[in-house]
Amino acid sequence: MDRKELVIIGGGPAGLTAGIYAARASMDTVLLERGVPGGLVIGTNLIENYPGFSEGISGPDLMIQMEKQAARFGCQILSANVEKIETNDKEFYLKTDYGEIITGVIILASGVQPQMLGIKGEKELVGRGVSYCATCDGAFFRGKRVAVVGGGDAAVEEAIFLTRFAEKVFVIHRREELRATKILQQRAFQNQKIEFIWHGVADEILGKNLVEAIRVRDVRDSSKTLLNVDGVFIYVGSTPNSLLLKDLVIIDEKGYIITDENMQTSQKGIFAAGDVRQKLLRQVVTAVADGAIAAVAAEKYFSELK
Ligand code: NAP
């Protein structure tokens, strides 16, 4: 069984920043990431609102730099999935597919995952035209017709991105007003390839082997329209990856972890940072700030333990 002074769970912006700060503070730190380090940001083509990059920076480029920076200061980064966390109130035992790890301090930075619509045809056609990542799959739709479901920043930003490839992009939104920031709205409204379908909800995705159409219901009169499309990109928000801690810390009704301003959860020794915690704004800039604060608070807690 490995013993570590600090275990960080999740390798997105919050986790990697916590890794940079903790390793620079000489804590013996391991960061566990079940997928590829970088988190959901890897699926973002261009981040325009992260300060310091006046022309924007691609998600993968930014995350590669953060990973290198954490590793340079000595944060160990392991590919491992945490299956279970148990505690005797002083220490935590993590069962992972890499082996067991014991620690006194945890920072959970496990982020969120895309919310599924839960409609007929969605699960069946994932990877066959249904996607949650335009950056990853957009290029497959060169000259084709696609639908984007949702009206937030992600939906509108990715709809604009998809116009690079697709001949037509339908944005299906359940209201008449977008949630996305104004600058994105303006760009989308000016884009000739984008057509908005207001008051629409997706009822069903149709297709034998590949997506062929999406059935849209108008919420005002329940009338239905069949739109012939080759792809459906779903951006209807996200759900927190907090299941691991649900019996250990207080979470809100949506599953987000509640922390104080120092990222401390209701359980001593467990901190949470980034999108997984209850907060107003989920962006890279707030995730990295959370990660830095969590690491400093974790280091303080660890010193007091000693
Ligand atoms: P979001 O802001 O929660 O927006 C989700 C959208 O999906 C909303 O328009 C919502 O409609 C719609 N929706 C939710 N459930 C639905 C359902 N069952 N059927 C149909 N539509 C549904 O999520 P997001 O766009 O993924 O963004 C998440 C966070 O990341 C936000 O804080 C956002 O600012 C941030 N983000 C920022 C950027 C950027 O700054 N460039 C880019 C991507 C994401 P209603 O509006 O009617 O609720």
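In terms of the numbering used here, the sequence shown opens at residue 1 and continues consecutively. Here a beta-carbon is modelled for each residue, glycine too, at the ideal position from N, C-alpha and C.
Within the DSSP secondary-structure output, residue 260 pairs in no beta bridge. Distance from the C-beta of residue 58 to the nearest heavy atom of the ligand NAP is not below 8 Å. For the ligand NAP, a non-hydrogen atom lies closer than 8 Å to the CB of residue 181. Your pair residue 10 and residue 111 checks out as a contact, with CB atoms roughly 6 Å apart and the cut at 8 Å. Residue 41 and residue 13 have their alpha carbons spaced roughly 8 Å apart. Going by beta carbons, residue 295 and residue 20 fall inside the 9 Å limit. In the three-state reduction of the DSSP assignment, residue 24 falls in the helix class.
As the crow flies, the alpha-carbon of residue 77 is around 47 Å from that of residue 219. Setting aside the 5 residues that flank it on each side, residue 169 is surrounded in the same chain by 146, 148, 159, 162, 163, 193 and 194, each with a C-beta closer than 7 Å to its C-beta; the list follows chain order. Secondary structure of residue 296 (DSSP, three-state): helix.
For residue 161, the enclosing alpha helix (DSSP H) has its first and last residue at 153 to 162.
In its chain, beyond the 5 residues on either side, 156 and 178 have a beta carbon closer than 8 Å to the beta carbon of residue 185. The alpha-carbon of residue 86 is positioned some 25 Å away from that of residue 17. Between residue 305 and residue 270 the beta-carbon gap is near 13 Å, outside 8 Å, which marks them as no contact.
Counting C-beta pairs with one atom in each stretch, the region 22 to 30 and the region 120 to 133 have fewer than three that are closer than 8 Å, which means they do not touch. With contact defined as three or more Cβ pairs closer than 8 Å, the region 198 to 215 and the region 128 to 141 are in contact.
Put simply, the region 256 to 267 does not touch the region 223 to 232. Fewer than three CB pairs are less than 8 Å apart. If only uninterrupted alpha helix (DSSP H) runs of at least 4 residues are considered, those enclosed by the region 109 to 185 are 134 to 137 and 153 to 162.
When C-alpha distances from residue 48 are compared across 183, 224 and 280, the shortest belongs to 183. Here the distance from the Cβ of residue 202 to the nearest heavy atom of the ligand NAP is below 8 Å.
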